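Participant: Okay, handing you the structure first.
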Amino acid sequence: MRSVHLTEEIIQAYALNGTHEDPLVVAHIHECETCRAMAESYARMFSALEEMPVATFDFEVKELVLPQLPARAKARPVLVPVLVVIAGSLLALGGAGWYFREYLSGIADPSVPYLLYCLGPAALTLLVVLAADLFSSHRQKMTRLEYY
Amino acid sequence: MYTDPDKLADKQLVHKALSGDAQAFGIIIRDTEKLVGQIVCRMVSNVEDRKDLAQEIYLKAYRNLAVFKHASKLSTWIAQISYNTCMDYLRKKKLLYPGELVDRPGNGLADDVVHRKELAGILQSGMDKLQPIYRTMITLYHQEELSYEEIGEITGMPPGTVKSYLFRARKALKEQLAEYYGEKDTKREEK
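If you read the sequences in order, they're chains Y and G.
So in the numbering used here, spot 83 of the first sequence is number 918, and the numbers just go up one at a time.
So in the numbering used here, spot 149 of the second sequence is number 173, and the numbers just go up one at a time.
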């Protein structure tokens, strides 16, 4: 056994973990009544600290804070209806162009039908973009639901 | 520790709050108010001031959400705001005694009172005598079970300093309790 006592720092570390990396410290605690008493005293205090009532606010923080929040510009999905209108118009134009292609080719420049054929894929691309956006928005809403 | 699911949830909440979703910020408040309460209530004794501080802390957090880089947990970041806000308050009110640990007058434990109180009450009285910083550190370590590193992030101190402050705070607290435990302040020759 060591003739001198352990430092209080070592005793605190022992009491915190219930053991110590240095076997000499563990052996000393087991043999020295004074150091063991201090370690037990610290251990009791740590245990009591853990059981102490949690300090909480005696008011509703959410109710206090949420009405005070400054307005933040909400990201509104303005683009979606605009895209829907554009896609719809393009589809209608494309459809009409396809339906009246014979008349149109007769009255207009020969390159016009080819131009009209381009409108279909363009509208299709827009629709794909729209669908992706809707899917993403749906996924975000579903994720948000997990919080409630 | 800061695990990936925590990070993901934090990121989603911050993103939603930044896009104006007040409900998301409400969830952030719900998730952090216990920790914020522990810090504010341990550091500030005036109940009315606690209310103002809680409001100030969360409004600061809301205003600065865009600069939160997710380098730490959201709760740690808000706890850091809480600690700094409380420190500013204590400095302004001149309630901070730099370099002083337990020397607050008028809060002594009278013998007769000591023997009548339960341990929790004694401990609470002992805690009340500690400096707010040490009280907060003890709370964060022993009640909130934060690591030295996390407490360091909140208080802006290196983990070694946190460890050293905690040692002194525990020692001071134990001395408050020594009489209750019936311990004699014997002279110990330490190695």
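Glycine included, every Cβ here is placed at the ideal spot set by N, Cα and C.
Fair warning: this is a prediction, and the values are worked out from it, not measured in the lab.
#1: On the three-pair Cβ rule with 8 Å, is the stretch 91-104 of chain G touching the stretch 30-50 of chain G?
#2: May I have the straight-line CA-CA distance separating A850(Y) from A878(Y), to the nearest angstrom?
#3: What residues of chain G sit near E868(Y), judged by a beta carbon separation below 9 Å?
#4: Cβ of L143(G) within 8 Å of Cβ of A872(Y)?
#5: Determine the direct distance from the alpha carbon of L190(G) to that of V889(Y), and round the result to whole angstroms.
#6: Assuming I105(G) and K84(G) form a contact by the criterion Cβ under 8 Å, report the distance between their Cβ atoms to the nearest whole angstrom.
#7: So is Y849(Y) in contact with chain G if we call contact Cβ pairs under 8 Å?
#8: Is the CB of L884(Y) under 8 Å away from at least one CB in chain G?
#9: How far does the alpha helix (DSSP H) with P858(Y) in it extend, from its first residue to its last?
#10: Mind pulling the chain Y residues with CB within less than 7 Å of Y86(G)?
#11: Assuming G74(G) contacts F892(Y) (C-beta within less than 8 Å), just tell me the rounded distance between them.
#12: Any beta carbon from chain Y within less than 8 Å of K58(G)'s own beta carbon?
#13: I want to see whether chain Y comes within less than 8 Å of G180(G), judged by CB atoms only; does it?
#14: What residue range is occupied by the uninterrupted alpha helix (DSSP H) comprising A103(G)?
#15: Label D209(G) either buried or exposed according to how many other C-beta atoms from any shown protein chain fall within 10 Å of its C-beta, with 16 as the threshold for buried.
#16: What residues from chain Y crowd round Y82(G), counting only those whose CB sits closer than 8 Å?
#17: I'd like to know whether the C-beta atoms of L965(Y) and L918(Y) end up nearer to each other than 8 Å.
#18: Listing by chain order, which chain G residues have their CB less than 8 Å from the CB of A862(Y)?
#19: Does the structure place the stretch 857-864 of chain Y close enough to the stretch 161-173 of chain G that three or more beta carbon pairs sit under 8 Å?
#20: Rounded to the nearest angstrom, what separates S188(G) and G180(G) at their Cα positions?
#21: Leaving out five residues on either side along the sequence, give the residues of the same chain with a beta carbon under 8 Å from the beta carbon of P916(Y).
#22: Keeping to the same chain, check which residues put their C-beta closer than 8 Å to that of A41(G); ignore five residues upstream and five downstream.
#23: Should Q167(G) and M887(Y) be called a contact, given that it needs their Cβ atoms to be closer than 8 Å?
#24: In chain order, what residues of the same chain have a beta carbon less than 8 Å from the beta carbon of H865(Y), not counting five sequence neighbours either side?
#25: Using only CA atoms, which one of H94(G), S69(G) and T56(G) lies nearest to I81(G)?
#26: Give the range of the alpha helix (DSSP H) segment to which P156(G) is assigned.
#27: With a threshold of 8 Å between beta-carbons, can W101(G) be considered close to chain Y, or not?
#28: How big is the Cα-Cα spacing for D152(G) and L841(Y)?
#29: Suppose the cutoff is 7 Å on Cβ atoms and the five residues either side in sequence are ignored; what does the same chain contact list for D968(Y) look like?
#30: So, helix, strand or coil for H840(Y), using DSSP?
Facilitator: Taking the structure as given:
#1: yes
#2: So the two alpha carbons sit approximately 5 Å from each other.
#3: For E868(Y), no chain G residue has a C-beta closer than 9 Å to its own C-beta; the minimum C-beta separation is roughly 11 Å.
#4: no
#5: 19 Å
#6: 5 Å
#7: Under the 8 Å criterion on CB atoms, Y849(Y) is classed as non-interfacial with respect to chain G.
#8: Contact of L884(Y) with chain G is assigned, a C-beta pair being separated by under 8 Å.
#9: P858 to E866 is the extent of the alpha helix (DSSP H) around P858(Y).
#10: L904
#11: Per the sequence shown, the amino acid found at residue 74(G) is Arg instead of Gly. Between F892(Y) and R74(G) the Cβ distance is about 7 Å, and since that is below 8 Å, they are a contact.
#12: So yes, K58(G) belongs to the interface.
#13: no
#14: Residues L98 to K116.
#15: Summary for D209(G): the model assigns pLDDT 47, below 50, so the residue's position carries little reliability, and this model does not support an answer.
#16: V896 and V900
#17: Cβ distance < 8 Å, so L965(Y) and L918(Y) count as in contact.
#18: Correct list: empty, because the minimum Cβ distance to chain G is about 13 Å.
#19: no
#20: Cα to Cα, the separation comes out at about 14 Å.
#21: none
#22: A48, F49, I52, Y86 and L89
#23: yes
#24: R871
#25: T56(G)
#26: P156 to I162
#27: no
#28: 29 Å
#29: Closer than 7 Å at the Cβ level, and outside the excluded window around D968(Y), lie V915.
#30: strand
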